[in-house]
Every structure is written in C-alpha cells, then in structure tokens.
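7 is the number of the first residue of the sequence shown in my numbering; add one for each residue after it. The beta-carbon is built from N, C-alpha and C at its ideal position, and this holds for glycine as well. Scroll down for the structure; my scribbles are underneath it.
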Amino acid sequence: MTKSEHYTALSNMYRAAPINAIFPPRIEIEEGACTIEIDLKPEYCHSAGGTHGSVYFKLLDDTAFFAANSFEDEVFVLTTSFTTYITRPVSEGIMRAHGRIVNKNRTQFIAESVAYDQQGREIARGSGIFVRGKYPLKDAMGYGL
Numbered sequence: 007m008t009k010s011e012h013y014t015a016l017s018n019m020y021r022a023a024p025i026n027a028i029f030p031p032r033i034e035i036e037e038g039a040c041t042i043e044i045d046l047k048p049e050y051c052h053s054a055g056g057t058h059g060s061v062y063f064k065l066l067d068d069t070a071f072f073a074a075n076s077f078e079d080e081v082f083v084l085t086t087s088f089t090t091y092i093t094r095p096v097s098e099g100i101m102r103a104h105g106r107i108v109n110k111n112r113t114q115f116i117a118e119s120v121a122y123d124q125q126g127r128e129i130a131r132g133s134g135i136f137v138r139g140k141y142p143l144k145d146a147m148g149y150g151l
C-alpha cells in the first residue's frame, strides 16, 4: 500500500467509526499531519450554550492521533496522554483542528493540535503522546480503500 493509499484507508476508518455518526467529520491526512472539520450543532452544547469541552478534545485528539498513525501502517496507535487547553468559547459555525507530529522515535509520537473557529481564530490547543498498539489496522472497522 502506498502512503497515499494508507492515508485514504485511515480516512475511511475514521469515517466508519460509530462515534462519527454523532460528529460527521471532513478529514484530510498527510504525512505527519491531519486536519478535521465539523459543523457545530446545538446538541453539542452544554447548558450555558457553549460547545462542550468533549467536542474540543475529540477534534484535538483525533487530529493528533491521525498525524501519528500516518507514520504507522501496521497497527492502530493509542493515546497515552493528552493535555487540552480551551482558550475561546464557540457555539456555532465550523470547528476545524489541525494536528502535527513534533517528535517521533522508535516507541512514541508526540503531537500538537490547534482548533479554530469559522473565522480562523484559535479556540483550543493540545498535545499528546501516542504509542503503537497491538491491534492490526487491517482488522479495524473501515480501514481500506
């Protein structure tokens, strides 16, 4: 499988994940980087009307995860830690996050992600550590062309 085919297979896997029926995403993956965009909906909001922090976390973690998994074509990578900073509330429009690998070695990947609102303003950022798991990508739901 070429790198481009691997990125397509990862994108298909992401769209096939049951949780993404709740958060229908648009995703782009390239070597060491990933961008995901979603349309914000009222059902993603907490009682004060802002988008719940779990939505910010999901996009930040997912973009960092796929940036890491872009380098690994055999197994599913795992998030071992992820720190999130929410810097601006948002409740409507589009949320877009971009993750990239900032360091990698034989055993782990370190990634950073930044989320933006529809106007391109930074609304959150995070960083995490990812390791290679044991679950084969070929067995993951949706992985393939």
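Taking the CB atoms as reference points, tell me whether residue i and residue j lie closer together than 8 Å.
{"i": "Tyr141", "j": "Val81", "result": "yes"}
{"i": "Ile92", "j": "Gly59", "result": "yes"}
{"i": "Gln114", "j": "Phe88", "result": "no"}
{"i": "Arg127", "j": "Arg102", "result": "no"}
{"i": "Ala146", "j": "Ala70", "result": "no"}
{"i": "Gly132", "j": "Thr90", "result": "yes"}
Once you ignore the five residues that flank residue i on each side, which residues in its own chain have a CB closer than 7 Å to its CB?
{"i": "Gly38", "result": "Ala73, Ser76, Phe77, Arg106 and Ile107"}
{"i": "Ala27", "result": "none"}
Within the same chain, show all residues whose beta-carbon is closer than 6 Å to that of residue i, passing over the 5 residues directly before and after it, in chain order.
{"i": "Tyr20", "result": "Ile33"}
Using the three-state DSSP reduction, which class does residue i fall into: helix, strand or coil?
{"i": "Gly55", "result": "coil"}
{"i": "Glu11", "result": "helix"}
{"i": "Tyr62", "result": "helix"}
{"i": "Glu36", "result": "strand"}
{"i": "Tyr149", "result": "coil"}
{"i": "Ala23", "result": "coil"}
Sorry if obvious, but does the Cβ on residue i come closer than 7 Å to a heavy atom of the ligand PLP?
{"i": "Val108", "result": "Looking at this structure, you won't find the ligand PLP or any other ligand, since it has none at all."}
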